[in-house]
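Asks:
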Amino acid sequence: MKELQPDLQGNIQINLGSGQRNAARDYNEYFIPGSIKLVLATWTQEKRNSTALDNSNFFRHRFGFEPSKVARQQVLEIQGKHDLSDREVRWLHRSGQLRVSRVAAKLVPSRLMPAAGWIQVSILSFVCLAMTLQIAASNAPAWKQALGQLIISGLWFGGACMLNSLLLAPWRTLKRAGVVKAAKGE
Numbered sequence: 064m065k066e067l068q069p070d071l072q073g074n075i076q077i078n079l080g081s082g083q084r085n086a087a088r089d090y091n092e093y094f095i096p097g098s099i100k101l102v103l104a105t106w107t108q109e110k111r112n113s114t115a116l117d118n119s120n121f122f123r124h125r126f127g128f129e130p131s132k133v134a135r136q137q138v139l140e141i142q143g144k145h146d147l148s149d150r151e152v153r154w155l156h157r158s159g160q161l162r163v164s165r166v167a168a169k170l171v172p173s174r175l176m177p178a179a180g181w182i183q184v185s186i187l188s189f190v191c192l193a194m195t196l197q198i199a200a201s202n203a204p205a206w207k208q209a210l211g212q213l214i215i216s217g218l219w220f221g222g223a224c225m226l227n228s229l230l231l232a233p234w235r236t237l238k239r240a241g242v243v244k245a246a247k248g249e
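Letter by letter, the sequence shown follows residues 64 to 249 of my numbering.
1) Use the C-beta contact count for W206: other C-beta atoms within 10 angstroms, 16 or more gives buried, fewer gives exposed.
2) From the DSSP secondary-structure annotation, give me the bridge partner or partners of R162.
3) Measure the beta-carbon distance from F126 to R153 and round it to whole angstroms, keeping in mind my assumption that it falls under 8 Å.
4) Using the C-alpha atoms, what's the distance from I141 back to D117?
5) Take the Cβ of L101 as the centre, count every other Cβ of all protein chains shown within 10 Å, and call the residue buried at 16 or more, exposed below.
6) Just to confirm before moving on: does the CB-CB distance between H145 and F128 stay below 8 Å?
7) With the cut-off set at 8 Å, would you say A200 and V166 are in Cβ contact?
8) Taking only three categories from DSSP, how would you classify I95?
9) Any idea if W234 is buried or exposed, counting beta-carbon neighbours within 10 angstroms, 16 or more meaning buried?
10) On a Cα-Cα basis, can you pick out the residue from Q108, P172, G159 that is closest to G241?
11) Rounding to the nearest angstrom, what Cα-Cα distance links A178 and F220 in this structure?
12) Where does the unbroken alpha helix (DSSP H) through L229 begin, and where does it stop?
13) Locate the alpha helix (DSSP H) running through K144, then write down its first and last residues.
14) If you draw a straight line from the alpha carbon of I186 to that of P96, how long is it in whole angstroms?
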């Protein structure tokens, strides 16, 4: 009986996310991911693109919005042409720099976005600085002043990060990708 069974103790078989395979004898192995994050982390770019083109739910998990198949194809072409990451495409769409309609998807860079972003960051900074100085000039105990200044600093940091992600970073992404030509003198 022992002579009929092959010696499998020295064999190591690894499945690196490549679908179904037959391991040893009557054992079949399947790649069944536990989450969409595992799929996005292990699949190749080509496989993710083909799946995203055919499956709108996969596209939504990958990019954060769900356009028609024609627009999905154009978004994937834009991503490949300008060498954009999934996260950059997601933020370009959120900021309005990537317009997606039922029949088309196109990059629409606006020079007003970074200007509005810097103006809003400046106003936020001025208001938070004024509140911090108001707290420092108050007659409250030192621990209350420190707590108030810490809260205001946290609000400023959170607001500045949000404005950067929504208004300033997409412009830098478009500039880096060559969609927007650099201003003269840069």
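Virtual Cβ for every residue (Gly too), placed ideally from N, Cα, C.
Replies: Straight from the coordinates:
1) Exposed is the call here.
2) According to DSSP, R162 bridges with K169.
3) 5 Å between Cβ atoms; contact.
4) Approximately 17 Å between the Cα atoms of the pair.
5) Flag for L101 reads exposed.
6) It is not a contact, given that the beta carbons lie outside the stated cut-off.
7) Against a cut-off of 8 Å, the Cβ pair of V166 and A200 comes out as no contact.
8) Note: I95 maps to coil in three-state DSSP.
9) So W234 ends up on the buried side.
10) Cα-wise, what sits closest to G241 is P172.
11) Approximately 19 Å, taken between the alpha carbons.
12) First-last for L229: undefined, no H or E at that position.
13) Segment 132-145, the alpha helix (DSSP H) holding K144.
14) If I take the Cα positions, the gap works out to 46 Å.
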